[in-house]
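Colleague:
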Amino acid sequence: MPLLSPLDSSALHEEGLLRRGNREGSHRLHKRRLNRSSDEEHRDIPLVIPPDSPGINDAFVTIPIVLISRETLIYVGLSDTKGDELWNRWLNFSPDDASLRETDGGDLTFVDFILGYYEYGPDAVGDNDDAWYACLDTCGIASETQAALMDPHFAYLRRSQSCSYWVRDTIEMRYAGLEDIQRASRDREMALQRAAMRPGGSSSSSLAPSGERRSISGLQHRNMTGIIDVWGSARFLAAQNAPGHTVLYKALDQARIAGLFDDQGNLVEIDTLLSSYPSDFSGKAGLFYFTPNYNVALYYARYAKNRLRGGSVVMVVLHVPNAAIQSLSPPKIRHITWPSNDWKELVWGSRTRKKPPSHLRIWEDSILVIGSTARKPDLSFRALESWEYVTEDFLLKAGPGGFLESNATIATQYVINGSDSGSDWLIQNGGRSLLVFTYPSSDLTRWLAENPSL
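At position 351 of the sequence shown the residue is numbered 351 (the UniProt record's numbering), and the sequence of numbers has no breaks.
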């Protein structure tokens, strides 16, 4: 199946927004037509760019022509050699295997096939970057993706997980970004079809009456459901100041909030924000994790943007009424922080998927847990004989200016029960009015330039 819908693809070609790719099986799409928010995020890039312009390479992103293809394997971060290997595996996948491919009417999706290859592969943890590079080489990760993963600006955050974790997360993020491009293309095609059906309508609608390109696509702007503005805007700055409320943040790639809102921007599926597991406070269930520390969320946003090819990253802002938090009494609310034994035992048991002791079966009756944030990967916790060996080195610490530093203060997290009772509480206390802001690549570029020595 082509990544771009046929009518949309033709219109983009006609407008000079889709051009021939530099690789077989690829083409180049203008950054302002990638997804529902990219037109606003990249509004500084002109839509009309002469072919010989020095800025043309920065204005376009190379994407696969077909979603399920060898070129997609390259797009998500694999080297040519590894891409060839996995593509041949996919093409020669046996119908007698446990699952049928999605192209054969089965349940095995292409992205799950890719991620499954790395589920039990090589791994690396800790401060030895040579071991990380060896892991990435063995995984067949392309040099461009290795550079994004290993960027020294994000070493502290990278070492909070393992090499395998970040490889899988990056692949999953980039593939989801392609699906986001596909959704946006379908939306544009439907709009073109509706426009063509009107009296005097045309299948091309990107030109204003004057013949000049509009600065922002009306369609994409309308379809930025739930995304109200760009990070750093006046509305974002205002969202950080909410008297009588605790302001919480969550950074993630935009494709992963698909389904969170309906077409009118109303909340429909809060469970989209559930974490994967094991996590700090649960080994077997998804929870809602937010941070009150803006710099922590910003650092996560920057690392995600650094690894994402063409896709968008968002900052979710939640305003929880202080009165709602204060109305909770134990055990509905708990505070589990370092250096208590409860925190050590809970995090170690969750990350190693141990059955919690009776006094730490907190999600049987808790709605909200406020606690310290762990940093080390699951492998590091599994290497410990017991929770008693958890040290301060296993904590995530936040510093000023968007950095995470080992000598800074311990990061706090607000964790909400992922069951119906927790979801209901979240929806009633800020969830319905979630604010989502696109994090722009321009800020990442500026921040990297201002901190060259990291």
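In this text, a Cβ means the ideal position worked out from N, Cα and C, and glycines have one as well. Treat the numbers as computed from the prediction; the structure is a model and nothing was measured.
#1: Would you say the segment 299 to 317 touches the segment 343 to 359, given that touching needs at least three Cβ pairs under 8 angstroms?
#2: How many whole angstroms separate the CB atoms of residue 367 and residue 421, which I take to be in contact at a CB cut-off of 8 angstroms?
#3: Take the Cβ of residue 315 as the centre, count every other Cβ of all protein chains shown within 10 Å, and call the residue buried at 16 or more, exposed below.
#4: Quick one: what's got a C-beta closer than 8 angstroms to residue 81's C-beta in the same chain, skipping five residues either side?
#5: Helix, strand or coil for residue 1, going by three-state DSSP, please let me know.
#6: Could you work out which residue in 31, 54, 53 is closest to residue 44 when comparing CA atoms only?
#7: Is the separation between the beta-carbon of residue 37 and that of residue 337 shorter than 7 angstroms?
#8: First and last residue of the beta strand (DSSP E) that includes residue 460?
#9: Could you check how far apart the C-beta atoms of residue 372 and residue 410 are, in whole angstroms? I think they sit under 8 angstroms.
#10: So which of 443, 1, 72, 434 has the shortest CA-CA distance to residue 242?
#11: Short of 8 angstroms in beta carbon distance, which residues of its chain neighbour residue 427, apart from the five on each side in sequence? Order them along the chain.
#12: In or out: residue 383 buried (at least 16 other Cβ within 10 Å) or exposed?
#13: Roughly how many angstroms lie between the CA atoms of residue 351 and residue 360, to the nearest whole one?
#14: Please tell me whether residue 29 and residue 61 are closer than 7 angstroms, where the distance is taken between their beta carbons.
#15: Hey, residue 145 and residue 122 are a contact pair by Cβ (cut 8 angstroms); roughly how many whole angstroms apart?
#16: Exposed or buried, which one is residue 322 when buried takes at least 16 other CB atoms within 10 Å?
#17: For residue 148, which three-state DSSP category applies?
#18: Checking 7 angstroms against the spacing of the C-beta atoms, do residue 283 and residue 418 come in under that value?
#19: Looking at the structure shown, is residue 154 part of a helix, part of a strand, or coil, going by DSSP?
#20: Along the chain, where does the alpha helix (DSSP H) that runs through residue 469 open and close?
#21: Give the list of continuous beta strand (DSSP E) stretches no shorter than 3 residues that lie fully inside the segment 322 to 377.
Modeller: In short, the structure shows the following:
#1: As far as the Cβ criterion goes, the segment 299 to 317 does not touch the segment 343 to 359, which means the pair count is below three.
#2: If you number the sequence shown from 1, residue 367 lands on position 367. If you number the sequence shown from 1, residue 421 lands on position 421. Contact holds; Cβ gap of about 6 angstroms.
#3: What you label residue 315 is simply residue 315 of the sequence shown in a count that begins at 1. By the neighbour-count criterion, in which a residue is buried when 16 or more other Cβ atoms sit within 10 angstroms of its Cβ, residue 315 is buried.
#4: As a working mapping, residue 81 is identified with position 81 in the sequence shown. Cβ within range, chain order: 140.
#5: On the sequence shown, position 1 is the one that residue 1 refers to. If DSSP states are grouped into helix, strand and coil, residue 1 belongs with coil.
#6: For this step, residue 44 is matched to residue 44 along the sequence shown. Taking the Cα of residue 44 as reference, the smallest distance to any Cα among 31, 54, 53 is reached at 31.
#7: Sequence index remark: in the sequence shown, residue 37 carries index 37 (1-based). Sequence index remark: in the sequence shown, residue 337 carries index 337 (1-based). No, they are not a contact pair.
#8: Residue 460 is absent from the model: the chain starts at 1 and stops at 454.
#9: To locate residue 372, count along the sequence shown from 1; it is residue 372. To locate residue 410, count along the sequence shown from 1; it is residue 410. The Cβ separation is near 5 angstroms, so the contact holds.
#10: Here the question's residue 242 lines up with position 242 in the sequence shown. Looking only at 443, 1, 72, 434, the smallest Cα-Cα distance to residue 242 is reached by 434.
#11: Working through the sequence shown from its first residue, we reach residue 427 at position 427. Contacts found: 267, 270.
#12: Residue mapping note: residue 383 aligns to position 383 of the sequence shown, counting from 1. Counting Cβ neighbours within 10 Å, residue 383 comes out exposed, since fewer than 16 surround it.
#13: For this step, residue 351 is matched to residue 351 along the sequence shown. For this step, residue 360 is matched to residue 360 along the sequence shown. Looking at the backbone, the Cα of residue 351 and that of residue 360 are separated by about 14 angstroms.
#14: Working through the sequence shown from its first residue, we reach residue 29 at position 29. Working through the sequence shown from its first residue, we reach residue 61 at position 61. Residue 61 sits close to residue 29, with the two beta carbons spaced by under 7 angstroms.
#15: Start at 1 with the first residue of the sequence shown, and residue 145 comes out as number 145. Start at 1 with the first residue of the sequence shown, and residue 122 comes out as number 122. 16 angstroms between Cβ atoms; not a contact.
#16: Counting from one through the sequence shown, the residue named residue 322 turns up at place 322. With fewer than 16 Cβ atoms within 10 Å of its Cβ, residue 322 is classed as exposed.
#17: The residue labelled residue 148 in the question sits at position 148 within the sequence shown. In the structure shown, residue 148 falls within a helical segment according to DSSP collapsed to helix, strand and coil.
#18: Within the sequence shown, the letter at position 283 stands for residue 283. Within the sequence shown, the letter at position 418 stands for residue 418. Their beta carbons are not under 7 angstroms apart, which means residue 283 does not touch residue 418 by this criterion.
#19: Start at 1 with the first residue of the sequence shown, and residue 154 comes out as number 154. Here DSSP, grouped into helix, strand and coil, assigns residue 154 to helix.
#20: The first residue shown for the chain is 1 and the last is 454, placing residue 469 beyond what the model contains.
#21: Segments of the beta strand (DSSP E) lying fully in the segment 322 to 377: 333 to 336, 368 to 372.
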